[in-house]
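Asker: This is the structure I have questions about; it appears just below.
Residue numbers (this note's numbering): 44 to 260.
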């Protein structure tokens with residue numbers, strides 16, 4: 044029996060065990076190119092070279108890479124690898140974070156064009172309202188933290204007329220009040236569905252936009 048197993052061509056054996064397809068994906072293809080295997084293994088939002096990536100879907104990342112530019116200003120709810128990714132591509136990033144331990148780790152890594160702010164979480168409180176304190180309007184608001192519906196509602200007055208709102212996990216029903224709020228104010232939505240770093244399930248990143256927006260949608 045052992046001899047018969049060793050006489051089976053290795054490729055045929057791998058196919059029978061359903062390992063050949065996995066091996067092929069690790070050798071070539073979008074998951075390898077995007078760095079998903081490394082991200083999954085290290086449990087970190089990084090690309091194939093270990094560089095920071097936002098925790099949003101790969102289709103959304105690919106789209107944004109071609110549309111954002113160094114004159115933009117970003118406001119971000121929830122800091123992380125995305126903060127570092129944005130900071131290398133735009134003029135300024137302001138990021139608000141509720142988790143003090145995570146804030147303490149990230150503040151050591153942020154470059155000069157990042158203003159990282161810690162605010163204790165209170166639903167409907169200072170965390171979601173922080174964006175309204177700035178005189179300058181923002182090109183992009185990234186919703187990827189807590190209290191997302193209130194964050195959306197406070198973001199509208201802080202957004203440039205050409206500005207867009209990026210809403211991660213925009214397929215979740217608990218945020219429908221936020222989506223409806225944007226639709227009522229003339230926004231439309233484009234959905235980017237696919238894999239994201241770290242996890243092995245499909246998710247959705249939504250970009251809410253109006254006419255003549257900064258991303259040229």
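Glycine included, each C-beta is placed from N, C-alpha and C at the ideal position.
Do the CB positions of residue 184 and residue 206 come within less than 8 Å of each other?
Answerer: Yes.
Asker: In whole angstroms, give me the CA-to-CA distance for residue 47 and residue 148.
Answerer: At residue 47 the pLDDT is 47, less than 50, meaning the model places this residue with poor confidence and gives no usable figure here.
Asker: Can you check DSSP and say which residues form a bridge with residue 246?
Answerer: Note: residue 246 sits in a beta bridge opposite 237.
Asker: Taking all protein chains shown into account, decide if residue 250 is buried (16 or more other Cβ within 10 angstroms of its Cβ) or exposed.
Answerer: Classification for residue 250: buried.
Asker: By how many angstroms is the C-alpha of residue 150 removed from the C-alpha of residue 203?
Answerer: Their Cα atoms are separated by approximately 27 Å.
Asker: With respect to the beta strand (DSSP E) encompassing residue 177, which residues constitute its N-terminal and C-terminal limits?
Answerer: It is not in any beta strand (DSSP E) - residue 177 carries neither H nor E in the DSSP assignment.
Asker: Give the straight-line distance between the Cα atoms of residue 168 and residue 143, rounded to the nearest whole angstrom.
Answerer: Taking the straight line joining both Cα atoms gives about 17 Å.
Asker: Tell me, please, which residues DSSP counts as bridged to residue 159.
Answerer: Per DSSP, 138.
Asker: Taking all protein chains shown into account, decide if residue 154 is buried (16 or more other Cβ within 10 angstroms of its Cβ) or exposed.
Answerer: Its Cβ having fewer than 16 others within 10 Å, residue 154 is exposed.
Asker: Report buried or exposed for residue 240, applying the criterion of at least 16 other Cβ atoms within 10 angstroms of its Cβ.
Answerer: Per the 10 Å Cβ criterion, buried.
Asker: Between which residues of its own chain and residue 49 is the CB-CB distance below 8 Å, once the five residues before and five after are set aside?
Answerer: Legend: pLDDT at residue 49 = 44, less than 50; position of this residue unreliable, no value from coordinates given.
Asker: Kindly provide the ranges of any beta strand (DSSP E) runs that are 3 or more residues long and lie completely inside the segment 81 to 132, ordered along the chain.
Answerer: Counting whole runs of 3 or more residues, the segment 81 to 132 contains the beta strand (DSSP E) stretches 116 to 120.
Asker: My understanding is that residue 128 touches residue 95, with C-beta atoms under 8 Å, so please give their C-beta distance in whole angstroms.
Answerer: Yes, residue 128 and residue 95 are in contact; Cβ-Cβ is about 5 Å, under 8 Å.
Asker: Apart from the five residues just before and just after residue 255, which ones in its own chain have a Cβ nearer than 8 Å to its Cβ?
Answerer: Counting only Cβ-Cβ distances below 8 Å, and skipping sequence neighbours, we find 204, 205.
Asker: Mind checking residue 121: buried by the 16 CB within 10 Å criterion, or exposed?
Answerer: With 16 or more other Cβ atoms within 10 Å, it is buried.
Asker: What does a CB cutoff of less than 7 Å around residue 172 pick up in its chain, not counting 5 residues either side in sequence?
Answerer: Closer than 7 Å at the Cβ level, and outside the excluded window around residue 172, lie 197.
Asker: With a 10 Å radius around its C-beta and 16 neighbouring C-beta atoms as the bar for buried, classify residue 178 as buried or exposed.
Answerer: Exposed.
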